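Heads up: the sequence shown runs through residues 87 to 437, numbered per the numbering used here.
Worksheet: the structure to be examined is printed underneath.
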Amino acid sequence: MKKILVVFSIALLYSCGSSNNSSKVDKSSDSSSKKNKKDASYYAESITSEELKKYLYTFAGDEFEGRDTGEPGQKKAAEYLKQQYEKLGISSPISPSDYFQEIPESYFRGGIKSSENVLAFIKGSEKPEEIVVLSAHYDHVGMDSKGNVYNGADDDGSGTVAILEIAEAFEKARKKGQGPKRSILFLHVTGEEKGLYGSSYYTENPIFPLENTIVDLNIDMIGRIDKSHEGEDKNDYIYLIGSDRLSTDLHNLSEKINTKYTKLDLDYTYNAKDDPNRFYYRSDHYNFAKHNIPIIFYFNGVHNDYHEPTDTADKIEYDLLTRRAKLIFYTAWEIANREDRLVVDGGVAQE
Ligand SMILES: [Zn+2]
Numbered sequence: 087m088k089k090i091l092v093v094f095s096i097a098l099l100y101s102c103g104s105s106n107n108s109s110k111v112d113k114s115s116d117s118s119s120k121k122n123k124k125d126a127s128y129y130a131e132s133i134t135s136e137e138l139k140k141y142l143y144t145f146a147g148d149e150f151e152g153r154d155t156g157e158p159g160q161k162k163a164a165e166y167l168k169q170q171y172e173k174l175g176i177s178s179p180i181s182p183s184d185y186f187q188e189i190p191e192s193y194f195r196g197g198i199k200s201s202e203n204v205l206a207f208i209k210g211s212e213k214p215e216e217i218v219v220l221s222a223h224y225d226h227v228g229m230d231s232k233g234n235v236y237n238g239a240d241d242d243g244s245g246t247v248a249i250l251e252i253a254e255a256f257e258k259a260r261k262k263g264q265g266p267k268r269s270i271l272f273l274h275v276t277g278e279e280k281g282l283y284g285s286s287y288y289t290e291n292p293i294f295p296l297e298n299t300i301v302d303l304n305i306d307m308i309g310r311i312d313k314s315h316e317g318e319d320k321n322d323y324i325y326l327i328g329s330d331r332l333s334t335d336l337h338n339l340s341e342k343i344n345t346k347y348t349k350l351d352l353d354y355t356y357n358a359k360d361d362p363n364r365f366y367y368r369s370d371h372y373n374f375a376k377h378n379i380p381i382i383f384y385f386n387g388v389h390n391d392y393h394e395p396t397d398t399a400d401k402i403e404y405d406l407l408t409r410r411a412k413l414i415f416y417t418a419w420e421i422a423n424r425e426d427r428l429v430v431d432g433g434v435a436q437e
């Protein structure tokens, strides 16, 4: 990797030096700047299982006490996310040092204390007003009366740390002059387990107009393998839900990207309109779909540790988590960088 970097740097020097000269050289400067442009896969390489693992062992550790909405563990988790974005050099869209969208106690029912969504933002270089949302809930169900911590490593530590890694990849591209053309909002919502509160609050009080929010790629549980995919020939999969409900364009793009880069088995079982599990309505993307914003929900299905204290970081399939995170990165990259905005042709989501 380093060697390639050196070659490109020299090419860049050459093109910078020569672009001041005649129009004849301008042509070669154009072509060498095109050569300097790296494919999305160059940046996807920064999404690694080592980093995902490192993040997740902390994020789903006992210190965060199961991240129960409004409780001290959730506040610690929010602070942790803020610190990671500061380290990555990614700012907040609220104000430079305020990453928290506060949700007042009065918004919740059932004695839940005030809580906060955590937001980070990379501004688009060409169409900054058009927003691509990547969402994952960072709350979980807390602790039981015996003091057992529900670590929620898969639910939804996996989605949370995937977003951190995807954010890092976009930021690396931005620093090399290849930032996304459209803006990207990294949205870590709270209160999901209590009733999709964080995403509902965000869509009722959006930081950016929903009319220009062009997609929500929502991640909720992507680190494990469910029963129907056990076995080496079947476990290279991810369930996609909702991709074709509002935008045929989004569905086709998502398929194409996977064929080109990640080659996972995209399983649409739970996308069936009559699916009794009704997963389409059960995570945060639904609050965007309600507003006619195209969504994809990425999901590994349920397992024995679902909503148990045994959903721990040591049970995560880190290589698979990495590949799934890359699929989402590539999809977001394409939506953010392609010429045309996603076409919404599917009508309003039906209850
Ligand atoms: Zn969840």
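Every residue, glycine too, gets a C-beta built ideally from N, C-alpha and C.
The structure presented is a predicted model; accordingly, all values stated were derived computationally and were not measured.
Three-way DSSP call (helix, strand, coil) for Tyr392 in this model | coil
May I ask you to check if the CB of Phe201 is nearer than 7 Å to at least one heavy atom of ligand 1?
-> A quick correction: the sequence has Ser, not Phe, at residue 201. Not so, every heavy atom of ligand 1 lies at least 7 Å from the Cβ.
Candidates Leu303, Arg409, Leu407: closest to Leu428 by CA position = Leu303
Kindly give me the distance between the Cβ atoms of Ala248 and Ala411, rounded to whole angstroms, as I take these residues to be in contact under 8 Å.
-> 4 Å
Got a sec: does ligand 1 put a non-hydrogen atom nearer than 7 Å to the Cβ of Asp302?
-> no
Assess, as a yes-or-no matter, whether the region 322-337 is touched by the region 362-374 under the definition of 3 or more beta carbon pairs within less than 8 Å.
-> yes
In chain order, what residues have a CB nearer than 5 Å to some heavy atom of ligand 1?
-> Asp241, Asp242, Asp306
Are Arg260 and Ile305 close, meaning C-beta to C-beta below 8 Å?
-> no
Residue range of the unbroken alpha helix (DSSP H) whose run includes Asn304 = It is not in any alpha helix (DSSP H) - Asn304 instead sits in the beta strand (DSSP E) that spans 299-305.
Please check if any C-beta of chain D sits within less than 8 Å of the C-beta of Lys346.
-> Going by chain labels, chain D is absent from the structure shown, which holds only one protein chain.
Output the distance between the C-alpha atoms of Asp148 and Asp397, rounded to the nearest integer angstrom.
-> 12 Å
With Ile189 and Asn203 assumed to form a contact (beta carbons below 8 Å), what rounded beta-carbon distance in angstroms separates them?
-> 7 Å
Pick out whichever of Thr276, Ile293, Ile308 has its Cα sitting closest to the Cα of Ser200.
-> Thr276
Could you give the distance in angstroms between the alpha-carbon of Asn298 and the alpha-carbon of Asp353?
-> 29 Å
Would you kindly work out how many angstroms separate the C-alpha atoms of Ser127 and Ile198, rounded to a whole number?
-> 43 Å
Residues of its chain near Lys124, where Cβ-Cβ distance is below 7 Å and the 5 sequence neighbours each way are ignored | Gln264
Please work out which residues of its chain come closer than 7 Å, Cβ to Cβ, to Thr348, disregarding the five sequence neighbours upstream and downstream, and give them in chain order.
-> Arg409, Lys412, Leu413, Tyr416
Sequence-distant residues of the same chain with beta carbon closer than 7 Å to Glu251, five excluded per side | Ile133, Glu137, Leu138, Ala411
Take Ser135 and list the residues in its own chain whose beta-carbon comes closer than 8 Å to its own, dropping the five residues that flank it on each side.
-> Tyr404, Asp405, Leu407, Thr408
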